[in-house]
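Quick note: the sequence shown uses our numbering, first residue 1351, plus one each step.
Working notes for the structure below.
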Amino acid sequence: MTDVRTNVPQFHRRGTIAYTADDVEWQAYAACNGEDPERWFPAESGRAGQIEVLQAVEVCLTCPLIARQGCARLALDQRSQYGVWAGVHLGTNPKARAQARWKLRAIAERTDQATG
């Protein structure tokens, strides 16, 4: 099934269609496609920065699994140090980044349990 507005196949959240990040160009399916890339690299600190991070994460969480996997793999492959990737904020210190990388690996390796 294709979304007539974007001409992009729709993904079923329950896993009735299964893809891997290697099957398609995941960026075409990403919720951030067409957004300002700076949105995922909040410059503010304190409360304003926290709000920016939460807004970025909120967008990421609307992505289909295929896009989140691809994004997580990209962040890991590039050894990103900053920003929000696949709904995970890399944090501001080494301990937070280590925890974020663990979460990114879990997303990148996740398989849809509903597909069997």
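Using N, Cα and C, we set each Cβ at its ideal position, and we do this for glycine too.
All of these numbers come straight from a predicted model, not from anything done at the bench.
Same chain, Cβ closer than 6 Å to residue i, neighbours up to 5 away in sequence not counted
i: Val-1438; result: Ala-1450, Lys-1453, Leu-1454
i: Leu-1411; result: Gly-1437
i: Ala-1425; result: Trp-1435, Leu-1454
i: Trp-1390; result: Ala-1406, Gly-1433, Val-1434
Residue from the options with nearest C-alpha to residue i
i: Asp-1386; options: Ala-1446, Leu-1424, Ala-1378, Ala-1406; result: Ala-1406
i: Ala-1380; options: Cys-1421, Ala-1456, Arg-1429, Ile-1457; result: Cys-1421
i: Gly-1399; options: Val-1434, Gly-1384, Asp-1427; result: Val-1434
i: Glu-1459; options: Asn-1443, Glu-1375, Arg-1423; result: Arg-1423
Distance between residue j and residue i (C-alpha atoms, nearest Å)
i: Tyr-1432; j: Arg-1418; result: 17 Å
i: Ala-1378; j: Ile-1416; result: 10 Å
i: Lys-1445; j: Val-1409; result: 25 Å
i: Cys-1298; j: Ser-1395; result: Within the shown structure, residues of the chain are numbered from 1351 to 1466, placing residue 1298 beyond reach of any answer.
i: Ile-1457; j: Leu-1440; result: 14 Å
i: Ile-1401; j: Pro-1392; result: 9 Å
i: Arg-1337; j: Thr-1442; result: Residue 1337 is absent from the model: the chain starts at 1351 and stops at 1466.
Close Cβ partners of residue i (< 7 Å) along its chain, the five nearest in sequence each way excluded
i: Val-1403; result: Pro-1392, Val-1434, His-1439
i: Ser-1430; result: Leu-1440
i: Ala-1371; result: Unreliable positioning characterises Ala-1371 in this predicted model, as indicated by a pLDDT of 44, which lies under 50. The coordinate reading is nonetheless provided below. Cβ within range, chain order: Ile-1416, Gln-1419, Gly-1420, Arg-1423.
Can you list, in chain order, the stretches of the alpha helix (DSSP H) that have 4 or more residues and sit fully within the stretch 1429-1465?
1444-1459
Alpha helix (DSSP H) segments (min. 4 residues) lying fully within the stretch 1393-1430:
1396-1410, 1415-1428
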